[in-house]
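Below is one structure, written out as structure tokens, with a few remarks after it.
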Amino acid sequence: TWDLRRLFEPIKVQKRYLSNEMCWPLDMPGVMKAKDLAFVPHGSMGVHFLDHNLNTYFAICRSIAVWSLSYSEWVNGVLSADALGEVIFTFLPVVQYAAPHIKRTILKRFPAYFTSKMLRDEAENDHEGPEKEEHVVLEGGDAASEGGGVRNDASRPPMGPTYRDAAKRHLVQFSDFDMTNLERVEKRALWKRMQSTEGKLKMDLDEMPLTALHKVRFSPNMSCHLWLASGGQTGLVRLHCLRSLVTSQCKKMIADTQTQFNALYSQKDQREEQL
Numbered sequence: 020t021w022d023l024r025r026l027f028e029p030i031k032v033q034k035r036y037l038s039n040e041m042c043w044p045l046d047m048p049g050v051m052k053a054k055d056l057a058f059v060p061h062g063s064m065g066v067h068f069l070d071h072n073l074n075t076y077f078a079i080c081r082s083i084a085v086w087s088l089s090y091s092e093w094v095n096g097v098l099s100a101d102a103l104g105e106v107i108f109t110f111l112p113v114v115q116y117a118a119p120h121i122k123r124t125i126l127k128r129f130p131a132y133f134t135s136k137m138l139r140d141e142a143e144n145d146h147e148g149p150e151k152e153e154h155v156v157l158e159g160g161d162a163a164s165e166g167g168g169v170r171n172d173a174s175r176p177p178m179g180p181t182y183r184d185a186a187k188r189h190l191v192q193f194s195d196f197d198m199t200n201l202e203r204v205e206k207r208a209l210w211k212r213m214q215s216t217e218g219k220l221k222m223d224l225d226e227m228p229l230t231a232l233h234k235v236r237f238s239p240n241m242s243c244h245l246w247l248a249s250g251g252q253t254g255l256v257r258l259h260c261l262r263s264l265v266t267s268q269c270k271k272m273i274a275d276t277q278t279q280f281n282a283l284y285s286q287k288d289q290r291e292e293q294l
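In the numbering used here, the protein residues as written are 20 to 294.
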């Protein structure tokens with residue numbers, strides 16, 4: 020909405036459709052978008068793939084704004100980081116030739132880790148009991164165990180209007196997913212939490228988003244392509260390794276490439292010495 024007498028700024032702005040980040044995969048005929056939509060049903064936001072024939076594939080389903088995505092050609096997968104503080108990874112189908120028709124795509128994705136906030140008073144009370152020490156994480160500390168429960172935010176007092184007030188009253192807790200083994204992944208607590216936040220999620224937009232993640236990236240180097248980095252509102256940058264994706268074929272490919280690289284540059288050095 021504009022005031023024609025004040026054209027330098029609008030009176031009111033409504034962003035009904037916003038692409039926070041786009042990616043053009045080298046081996047796919049299309050683009051990937053991290054969408055943020057205002058008036059859509061629950062679970063319609065997330066990461067979408069759109070090919071040259073306008074066929075779409077819903078890669079990652081989210082019920083809140085997705086701020087960043089990262090695609091890896093080495094594993095044919097994509098990562099997402101959202102405003103809730105969740106990093107989700109999913110495998111992509113082969114879409115080079117035809118649009119995929121896959122059922123139950125949720126079985127192809129799993130969480131890398133979750134970020135949640137807790138009051139400092141609760142953290143001190145939990146620290147007093149030895150049976151609850153596994154759920155306590157100091158600010159900027161290591162990740163909590165995977166079996167940590169999801170706390171109810173309904174009884175908490177509202178957070179302060181500024182980042183400093185919110186940081187004084189809350190701690191940030193990280194819950195890492197066990198990536199060493201992906202068997203029976205649908206039975207784990209963190210996977211069930213990911214499933215619950217995909218469809219129905221109520222988020223108070225007046226709170227300070229301490230847990231929001233604004234950037235996630237795969238390593239572009241083939242020798243360490245399974246490492247990912249993420250960061251957000253807290254100012255912490257975390258590194259993770261998808262160890263379960265380290266296969267014999269991957270090791271062979273890295274070894275062959277390193278051998279070729281060493282042979283190429285060793286010959287170049289010998290030529291320079293001769294000259």
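Note that beta-carbon positions come from the ideal geometry of N, C-alpha and C, so glycine has one too.
Out of curiosity, what's the CA-to-CA distance linking residue i and residue j?
i, j, result
"Ala-282", "Tyr-90", "30 Å"
"Ser-249", "Thr-230", "12 Å"
"Ala-53", "Asp-140", "36 Å"
"Ser-99", "Leu-56", "16 Å"
"Met-137", "Asn-74", "42 Å"
"Lys-270", "Pro-239", "16 Å"
"Thr-134", "Leu-26", "42 Å"
"Phe-129", "His-259", "14 Å"
"Thr-20", "Glu-28", "10 Å"
"Val-113", "Lys-219", "30 Å"
"Gln-268", "Met-241", "13 Å"
"Leu-245", "Ile-273", "12 Å"
"Tyr-132", "Gln-277", "31 Å"
"Leu-261", "Arg-24", "56 Å"
Return the first residue and the last residue of the beta strand (DSSP E) that residue i is part of.
i, result
"Gly-65", "64-70"
"Ala-248", "246-251"
"Lys-52", "49-56"
"Asn-39", "36-42"
"Val-265", "Counting along the chain, Val-265 falls outside any beta strand (DSSP E), and DSSP gives it neither H nor E."
"Cys-260", "256-260"
"Phe-237", "232-237"
Following the continuous alpha helix (DSSP H) through residue i, name the residue where it begins and the one where it ends.
i, result
"Leu-209", "208-218"
"Arg-188", "182-188"
In or out: residue i buried (at least 16 other Cβ within 10 Å) or exposed?
i, result
"Met-51", "buried"
"Ser-285", "exposed"
"Lys-151", "Caution applies to Lys-151, whose pLDDT of 34 falls short of 50 and renders its modelled position unreliable; the value that the coordinates give is listed next. Answer is exposed; the Cβ neighbour count stays below 16."
"Cys-243", "exposed"
"Tyr-76", "buried"
"Asp-22", "exposed"
"Glu-158", "The predicted model places Glu-158 with a pLDDT of 40, which falls under 50 and marks its position as unreliable; any figure quoted below should be read in that light. Exposed: under 16 other Cβ atoms inside 10 Å."
"Asp-101", "buried"
"Thr-109", "buried"
"Trp-210", "buried"
"Thr-216", "buried"
Are the beta-carbon atoms of residue i and residue j separated by less than 9 Å?
i, j, result
"Thr-181", "Ser-263", "no"
"Val-94", "Leu-88", "no"
"Gln-252", "His-233", "yes"
"Ala-78", "Leu-37", "no"
"Glu-40", "Val-85", "yes"
"Glu-205", "Leu-126", "yes"
"Ile-83", "Leu-103", "yes"
"Leu-255", "Val-191", "yes"
Please give the ranges of any beta strand (DSSP E) in the region 75-140, keeping only runs that are unbroken, at least 3 residues long and fully inside the region.
Correct list: 75-81, 85-91, 96-101, 105-110 and 128-138.
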